[in-house]
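What follows is a single structure, written as structure tokens, with notes after it.
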Amino acid sequence: MAGAPSNYWGQGFSPRGEKNRFVLPADFRATVKDASQGQRLLCLDRHHKFPCLTGFGLSRVETFPARIAREEEMAFKRGEDFDPDTRAAQLYGFLRASFDESGRFILPDHLAEQARVSDALYFHGGGEFFTIWSPEVLFEMDSGWDSAKATCRALLAEAAQKGKRK
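Start counting at 1 in the sequence shown, then tack on 4, and there's your number in this note's numbering.
Set out below in structure tokens:
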């Protein structure tokens, strides 16, 4: 499909732009494109635990069968029920959004609503995927997210300064 899974690190910020588009930061753009076999294709989904979205390239899909098997084995060891069909539907239910050379993409309303997105996105590297946050939602997170919150505030302030110069 798309080669070895990719790793994402770093941060980025995008205000909502004209035509209701956001910009995938350059640090993530190249990795997503490489992970999607040279296609400008961003995979988006709601995070399974946090009130944010995840982004990744197609290569991550190759890890899904092993992930499902591992989760099923762990559930069995804990004596918990596990439905591999439900888990597969959750993992493979992501949306594919194209982006242009500048990284501009449209975030579908149903995903924006799930993550309470308003006028900006904060991108945060997370290994095999990156998280995409509404800054307001990120600021509500516990102290484990203090570093991400500080970075988001700095990028938000930087964007506001750029906006004043225009």
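Yeah, the Cβ is synthetic: ideal placement off N, Cα and C, and Gly gets one too.
Take the Cβ of Lys53 as the centre, count every other Cβ of all protein chains shown within 10 Å, and call the residue buried at 16 or more, exposed below. The sequence position of residue 53 within the sequence shown is 49, counting from 1. Burial call: exposed.
Practice prompt. Could you tell me whether the Cβ atoms of Ala152 and Leu160 are closer together than 8 Å?
Written response: Reading the sequence shown from its first residue, position 148 is the one you call residue 152. Reading the sequence shown from its first residue, position 156 is the one you call residue 160. Contact: no.
Legend entry - Cys156, DSSP secondary structure in three states: Within the sequence shown, residue 156 is the residue found at index 152, counting from 1. DSSP places Cys156 in helix when its eight states are reduced to three.
Checklist entry - What first and last residue would you give for the alpha helix (DSSP H) that runs through Arg32? => result On the sequence shown, position 28 is the one that residue 32 refers to. Note on identity: in this sequence residue 32 is Phe, with Arg being the wrong assignment. Note, Phe32: alpha helix (DSSP H), 30-39.
DSSP has Pro19 in a bridge; who is on the other side? Taking the sequence shown and counting its residues from 1, one reaches residue 19 at position 15. DSSP lists Ala124 as partners of Pro19.
Skipping 5 residues on each side, what residues in its chain have a beta carbon closer than 6 Å to that of Gly14? Reading the sequence shown from its first residue, position 10 is the one you call residue 14. Excluding the 5 residues flanking it on each side, Gly14 has same chain C-beta neighbours closer than 6 Å at Asp31, Gly129, in chain order.
**Item:** Collapsed DSSP secondary structure at Phe60 in the structure displayed
**Value:** As a working note, residue 60 is residue 56 in the sequence shown. In the three-state reduction of the DSSP assignment, Phe60 falls in the strand class.
For Tyr96, count neighbouring C-beta atoms within 10 Å of its own C-beta (all shown protein chains included) and say buried if the count is 16 or more, exposed if not.
Position 92 of the sequence shown holds residue 96. Label assigned to Tyr96: exposed.
Should the region 35-44 be called in touch with the region 59-69, which here means at least 3 C-beta pairs below 8 Å?
Flag = yes, the region 35-44 and the region 59-69 touch.
Could you say if the region 62-82 and the region 11-25 meet the contact criterion of at least three C-beta pairs nearer than 8 Å? no
Does DSSP put Gly130 in a helix, a strand or coil? By one-based count along the sequence shown, residue 130 stands at place 126. Three-state result, Gly130: coil.
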